[in-house]
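To keep things clear, I will list the structure first and then write my remarks on it.
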Amino acid sequence: MTDTQEPDARAADALAADIRELDARALKAAQSYVDRVDATALDRPTPCGPWTLGQLLAHMTGQNHGFAAAARGEGRTLAEWADRPVGTDPAGAFAASAAEVSAAFAEPGVPERAFWLPEVRDGGPFPARQAIAFHFLDYLVHGWDVAVSIGLRPTFDADLVTAVLPIATLVPTGPARALPGAAFGPVLEAATGGAVTGGAGAGVADPFDQVLRLLGRDPGWTAPRAG
23 MTDTQEPDAR AADALAADIR ELDARALKAA QSYVDRVDAT ALDRPTPCGP
73 WTLGQLLAHM TGQNHGFAAA ARGEGRTLAE WADRPVGTDP AGAFAASAAE
123 VSAAFAEPGV PERAFWLPEV RDGGPFPARQ AIAFHFLDYL VHGWDVAVSI
173 GLRPTFDADL VTAVLPIATL VPTGPARALP GAAFGPVLEA ATGGAVTGGA
223 GAGVADPFDQ VLRLLGRDPG WTAPRAG
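Numbering of the sequence shown is given in this note's numbering, commencing with residue 23 and proceeding in unit increments.
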């Protein structure tokens, strides 16, 4: 899960938009890549540090259940956010979790609720729009993680990328990014040689490449060849 700073003007437009609609589309995009994963691919490496593809999908599935619980006013315990192994049906397991979180976010009154997120700072509560923005960021980027792990080069709708970039700039940087178990690695330098510091279009030509670099990912990452 994302651990973010307090929202500021850079993310105001994204948070003021219908974040639930953006999130639903990001989740659908992620599902389109998860649907192409079969059980024989679960040991493949991913851009997410030491995680295999199976571990990444277990994380994504568990987080969906956790966010669904938070939307219902629950989710205060880490157990509710635990990874959920996907077994021999990764697409089905993820789809069930995606359906649960989508239904929970769509409930009337959710935008006015407070979310408990025990993996983020002091656990909250967080405003619903901010919490759903965390989920939006995570699943757009994790959709990319899944895709490149199975040899695909994903693309996302331009308005999703435009909306997610200012949210990505709010993820704290610093030495904690290099610690074992950190949600994201240290910010990567842009292709021009300068550090990515935020702001649409800064440092790289492709805005989604900038999102990836802000979260410690190499946009050119490919899975190592077996053997």
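We put the CB at the ideal spot given by N, CA and C, even for glycine. The structure displayed is predicted, hence computed values, not measured ones.
Which of helix, strand or coil DSSP assigns to residue i
i	result
G220	Because the pLDDT at G220 is just 46, under 50, the model does not fix this residue reliably, and the point stays unresolved.
E211	strand
P202	coil
P67	strand
A245	coil
P188	helix
T62	helix
F13	Residue 13 is absent from the structure shown; the chain starts at 23 and stops at 249.
P133	helix
T74	strand
P149	strand
P140	coil
E96	coil
Nearest to residue i (by Cα), restricted to the options the options
i	options	result
V56	D228, R235, W166	W166
A80	P246, P72, R106, L139	R106
W103	F148, G173, L49, P140	P140
S171	L44, R42, W73, D40	W73
A185	G196, V209, L159	L159
R239	L210, P229, P246, D228	L210
E96	V108, P208, V123, P246	V123
P246	R66, A101, Q85	R66
Residue i to residue j span [Cα, whole Å]
i	j	result
T68	T244	9 Å
L182	I189	11 Å
D45	I154	7 Å
A117	G242	28 Å
S119	T83	6 Å
R98	L49	23 Å
S54	G146	32 Å
A180	D231	12 Å
Supposed contact pair residue j and residue i - C-beta distance, whole angstroms, cut 8 Å
i	j	result
L162	F178	6 Å
L78	H157	Contact flag wrong, Cβ pair sits at about 16 Å.
A51	T110	Not confirmed; about 24 Å, so no contact.
R42	A169	The Cβ separation is near 23 Å, so there is no contact.
L237	V193	6 Å
V59	P112	5 Å
R135	A93	7 Å
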